[in-house]
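Mapping the sequence shown onto my numbering, position 43 (from 1) lands on 58, and the numbers just tick up by one. Ideal Cβ placement from N, Cα and C applies to all residues, glycine included. Down below is the structure, laid out as structure tokens.
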Amino acid sequence: MPQNTPSLTRRTPISRRRLLAATGSISLGALAGCIGGGTDGTAGDDATDSQDTTWQTTTLTDVLTGRSFSIAELTGPVAIQSFAVWCPKCERQSREMANLNGPVTAVSLNTDPNEDAQQVREHAETNGFDWRFAVAPTEMTDSLIAEFGPAIVSAPSTPMIVACGDGKATFFSGSQQSVTELQSAATECS
């Protein structure tokens, strides 16, 4: 009976050049997947029709006035800033939001689970911000992540949403948005 003897194969060493080329190709492919379509919103043109409306219907409390509201019940397009009080880029985005006018309603929504209403109120008052500021409850934060991806809670990426009354929303992330960009997105709500 013949025995199965392993055959010897000769291994050819991979050159450094081939290894680098293969690694580069794999990395380029992975990067293309990261910056391709999807809902990361870095291009600012990802309009979505929301299926899970929790982020729009959750009752919030304005930390400056104590009044309750939800995104869904606000009039006109709503510019929503996801922020943290420790984030300097967020503060610059807030200063830009202070210049919003016309039919756009501004809401700054704290999504940092380590911050509370008192910290957010102090932040808004110290900086002279006078629009709606609220702390997102966990279920709202989860709904935002489901709708827009994890970038929505990455404060340094200055995430912004322009929500239209019809359920459509445009998500921006990756850079500070100018008043012109936000108002342009709001104009497209009509």
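Rounded to whole angstroms, residue 97 and residue 83 show a C-alpha spacing of 18 Å. The segment 70-82 and the segment 132-146 touch, with three or more beta-carbon pairs separated by less than 8 Å. Put simply, of 126, 142 and 160 the residue whose alpha carbon is nearest the alpha carbon of residue 151 is 126.
As a beta-bridge residue in DSSP terms, residue 122 pairs with 95 and 147.
The three-state reading of DSSP puts residue 158 in helix, counting H, G and I together. When secondary structure is reduced to three states using DSSP, residue 197 falls in the helix class. In this structure, the CA atom of residue 188 is about 23 Å from the CA atom of residue 145.
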